[in-house]
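Chemist: Structure provided below as structure tokens; questions to follow.
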Amino acid sequence: MNAEGRGRLDRMPQWQALARHREELGEVHLRELFAADPRRGERYGVRVGDLYLDYSRNLVTDETLRLLRELAEAAGVARLREAMFRGERINTTEDRAVLHTALRAPRDAVVEVDAGDGEGGENVVPAVHAVLDRMSAFAEAVRAGKWAGHTGLPIRSVVNIGIGGSDLGPAMAYEALRAYTDRELDVRFVSNVDGADLHEALQGLDPARTLFVVASKTFTTIETITNATSARDWLLAGLGAGREAVAKHFVALSTNAEAVAEFGIDTTNMFEFWDWVGGRYSYDSAIGLSLMIAIGPDRFREMLDGFRTVDEHFRTAPPEENAPLLLGLLGVWYGGFFGAQSHAVLPYSHYLSKFTAYLQQLDMESNGKSVDRQGEPVSWQTGPVVWGTPGTNGQHAYFQLLHQGTRLIPADLIGFARPVAGLEPALAAQHDLLMANLFAQGQALAFGKTEEEVRAEGVAEEQVPHRTFRGNRPTTTILASELTPSVLGQLVALYEHKVFVQGAVWDIDSFDQWGVELGKVLAKRIEPALTEGAEVEGLDTSTAALVARYRSLRGRD
Ligand SMILES: O=P(O)(O)OC[C@H]1O[C@H](O)[C@H](O)[C@@H](O)[C@@H]1O
């Protein structure tokens, strides 16, 4: 038994019941499941906010769903969910609360964070709104051209410098909400320590009119600090000014005031957040400042309302209608009992071109773990490889494998009833064709095309196997009215809580990320070997040979 009062997943009777059920189901085909229940398409649907989820094309029956819900109950998903919302320190390996849901709590809400001293915690909501208000005032000033740079000219370009959670969220949402952005403002994102990233981002920018937003929870991330230092050099050289110019051109988004001050950014130009916000859960905190400058505070708050709609649903909807619970359990089912290694997220929206990349961090950094909360190795699959690109592009690239390959790859198809507002009528008219593709793909993946159907088309016998589609490839369709700020918030919160549910069932800590540390430490050790030819103790022969070859190619040896 662990702290949640549950046993190991693989020994739970509910898990074993699912294993038996999986055997009984055998190779059942979605064609049979649909034939057996003429109402399946409507019955297997759930609504949350403006989102409608059709999960009928999953390899599940009423019995499967019942057993999965029983597993969730026995695994203590609801208990852990309450502990999260209540501010308990459920991130045990870092001894932190997990309170990103407080970032979208209404002004009058009370959310107390567990201070870890056994005393009642502090209500974090006033601080959340104080920062949101400061961000709003700053964003308005920049948008209105009232925030002047060192030479008195108004800011017209914003460069967000951050990586991981300090980049992917705001960059994804900026793309997603392009239609809502102020087109007069040029907003760019730099993340990679490859100098080419900053080099390209600075092209055509006027230092006198450029604002750098340095986003880093820890303010120690080497990529971000390196890029921010280079950006500062570029700014000061361009302006021909001294350090005093930094104040008007640099703001920081961080939890670490000391490091911000040390970098030379005035902490009055720092927007704060807290250690109970994980990096990959942070874009609705101060980390969203560049986005807020682009779309304006009102739209940003609409987005937060969207998040909150799904938070409330997740907390209160009964298990049968609980969308994040359902999505999470479907993934548990495929990973645990079908050996599915990956999960495709395929948004039929050009604006969601960075959505899957964002979800990669959210999902894979959260649930890419192989020991349980007690530190024992798991014997069950945890987080899948998450991948995908917008439809219809993927159809002309890798969908061949989805349709006829040997692997089972569950996929989410995400689409919108209306095109984004503001498209020229002729371009908006293309929307039906886009959505026809989404619906067609879900249909083809589920039902395929039988040999008989292929033969009936007069196809030569030797061609029949090549043209047959086995089908039975599961998809969940998420259909929303339109990609608005609120709907984006709803979508992100849906996936946040899906990831939570899976981590809870798998009994892993979804909120730490120790797996990224080793590479960082080694890179720091190896760098002097590249630059100065320094001896690095204990280098393996492969790395040593590569380092030597690198130095010789650079003409350093
Ligand atoms: O915001 P920062 O402290 O700069 O961290 C940026 C990113 O780097 C780390 O390596 C973590 O793996 C991420 O979770 C984090 O989002």
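Take any residue in the sequence shown, count from 1 to its spot, add 973: that is its number in my numbering. The beta-carbon is built from N, C-alpha and C at its ideal position, and this holds for glycine as well.
In the DSSP assignment, find the beta strand (DSSP E) that holds W1487 and state where it starts and stops.
Modeler: Neither: W1487 is in no beta strand (DSSP E) and is coded neither H nor E.
Chemist: Considering Cα atoms alone, identify which of F1389, F1007, L1076 and L1264 is closest to F1058.
Modeler: Closest by alpha carbon: L1076.
Chemist: Under 8 Å: does the beta carbon of A1188 sit that close to some heavy atom of ligand 1?
Modeler: Under cutoff, so the answer is yes.
Chemist: Is G1341 near ligand 1, judged by its Cβ being under 8 Å from some heavy atom?
Modeler: Because no heavy atom of ligand 1 lies under 8 Å away, the Cβ of G1341 does not count as near it: no.
Chemist: Can you check the stretch 1220-1281 for any beta strand (DSSP E) of at least 3 residues that lies completely inside it and give the ranges in chain order?
Modeler: You should have 1223-1227 and 1243-1245.
Chemist: Taking the alpha carbon of L1072 as the reference point, which residue from E1085, L1303, R1080 and D1081 has its own alpha carbon closest?
Modeler: Taking only the C-alpha atoms, the option nearest L1072 is E1085.
Chemist: Look at the Cβ atom of L1374, then the Cβ atom of L1418, and state whether they are nearer than 9 Å.
Modeler: Not a contact, by the Cβ cut-off of 9 Å.
Chemist: Evaluate contact between the stretch 1285-1301 and the stretch 1335-1345, counting only Cβ atoms and requiring at least three cross-stretch pairs below 8 Å.
Modeler: Too few Cβ pairs lie closer than 8 Å, so no.
Chemist: Give the straight-line distance between the Cα atoms of G1122 and L1209, rounded to the nearest whole angstrom.
Modeler: Distance between the alpha carbons of G1122 and L1209: 12 Å.
Chemist: State the DSSP-derived secondary structure class of N1410, mapped to helix, strand or coil.
Modeler: DSSP places N1410 in helix when its eight states are reduced to three.
Chemist: Select from L1461, A1152 and L1212 the residue whose C-alpha is nearest the C-alpha of G1022.
Modeler: Ranking L1461, A1152 and L1212 by Cα distance to G1022 puts L1461 first.
Chemist: Please report the Cβ distance between A939 and S1454, rounded to the nearest whole angstrom; I am assuming they are in contact, meaning their Cβ atoms lie under 8 Å.
Modeler: This structure gives no information on residue 939, because the portion of the chain shown stretches from 974 to 1530.
Chemist: For ligand 1, is there a heavy atom less than 8 Å away from the beta-carbon of R1069?
Modeler: Every heavy atom of ligand 1 is 8 Å or more from the Cβ of R1069, so no.
Chemist: So V1163 packs on V1131, CB below 8 Å; how close in whole Å?
Modeler: Contact doesn't hold; Cβ gap of about 11 Å is too wide.
Chemist: With which residues is S1315 paired in a DSSP beta bridge?
Modeler: Answer by DSSP bridge pairing, in chain order: V1358.
Chemist: Got a sec? Which residues, its chain only, sit under 7 Å from L1171 by beta carbon, not counting five neighbours each side?
Modeler: Around L1171: V1163, N1200, S1203 and A1204.
Chemist: Quick check on A1401: does DSSP put it in helix, strand or coil?
Modeler: In the structure shown, A1401 sits in a helix (DSSP, three-state: H, G or I).
Chemist: By the DSSP assignment, the beta strand (DSSP E) with F1389 in it spans what residues?
Modeler: Counting along the chain, the beta strand (DSSP E) containing F1389 begins and ends at A1384 to F1389.
Chemist: Counting C-beta neighbours from all protein chains within 10 Å, is the total for R1116 16 or more, i.e. buried, or is it exposed?
Modeler: Buried, because 16 or more other Cβ atoms sit within 10 Å of the Cβ of R1116.
Chemist: Taking only the alpha-carbon atoms, compute the straight-line gap between R1062 and R1054 and give it to the nearest angstrom.
Modeler: Going from the Cα of R1062 to the Cα of R1054 covers about 12 Å.
Chemist: Just grab the DSSP bridge partners of N1445 for me.
Modeler: For N1445, which the question treats as bridged, DSSP gives no partner whatsoever.
Chemist: Where does V1086 sit, in a helix, a strand or coil, going by DSSP?
Modeler: Three-state result, V1086: strand.
Chemist: Sorted by chain position, which residues of the same chain lie with C-beta nearer than 6 Å to A1109's C-beta, five sequence neighbours on each side aside?
Modeler: The sequence as given places Ser at residue 1109; Ala does not occur at that position. Result list for S1109: P1270, in chain order.
Chemist: With DSSP collapsed to three states, give me the class of D1159.
Modeler: D1159 falls in the strand class under three-state DSSP.
Chemist: For ligand 1, is there any heavy atom lying closer than 8 Å to the beta carbon of R1059?
Modeler: Flag unset: Cβ of R1059 not near ligand 1.
Chemist: Suppose the cutoff is 6 Å on Cβ atoms and the five residues either side in sequence are ignored; what does the same chain contact list for Q987 look like?
Modeler: These residues qualify, in order along the chain: E1043, L1044 and A1047.
Chemist: Taking contact to mean at least 3 C-beta pairs separated by less than 8 Å, is the stretch 992-1012 in contact with the stretch 1405-1414?
Modeler: Segments in contact, no.
Chemist: Okay, do the stretch 1006-1024 and the stretch 1432-1443 touch, 3+ Cβ pairs below 8 Å being the bar?
Modeler: Contact between the stretch 1006-1024 and the stretch 1432-1443 is absent, because fewer than three Cβ pairs lie under 8 Å.
Chemist: Over what stretch of residues does the alpha helix (DSSP H) that includes T1199 continue unbroken?
Modeler: Run containing T1199: I1195 to L1212, per the alpha helix (DSSP H) assignment.
Chemist: In the DSSP assignment, find the unbroken beta strand (DSSP E) run with A1188 in it and report its ends.
Modeler: Counting along the chain, the beta strand (DSSP E) containing A1188 begins and ends at T1183 to A1188.
Chemist: Could you tell me which residues DSSP puts in a beta bridge with I1134?
Modeler: I1134 pairs with V1163 and V1187.
Chemist: Check whether the stretch 1301-1313 touches the stretch 1469-1481, counting contact only when three or more Cβ pairs, one atom from each stretch, lie closer than 8 Å.
Modeler: The answer is yes - the stretch 1469-1481 touches the stretch 1301-1313, with three or more Cβ pairs under 8 Å.
Chemist: Could I get the ranges of all uninterrupted alpha helix (DSSP H) runs contained in the stretch 1412-1439, with 4 residues as the minimum, in chain order?
Modeler: If we require 4 residues or more, the alpha helix (DSSP H) runs fully inside the stretch 1412-1439 come out as 1424-1429.
Chemist: Measure the CB-CB distance between V1465 and S1258 and report whether it falls below 9 Å.
Modeler: No, the pair does not count as a contact, with Cβ atoms beyond the cut-off.
Chemist: For ligand 1, any of its heavy atoms closer than 8 Å to the Cβ of T1202?
Modeler: The answer is no for T1202.
Chemist: Pull up the DSSP beta-bridge partners for A1174, would you.
Modeler: Bridge partners of A1174: none, in fact.
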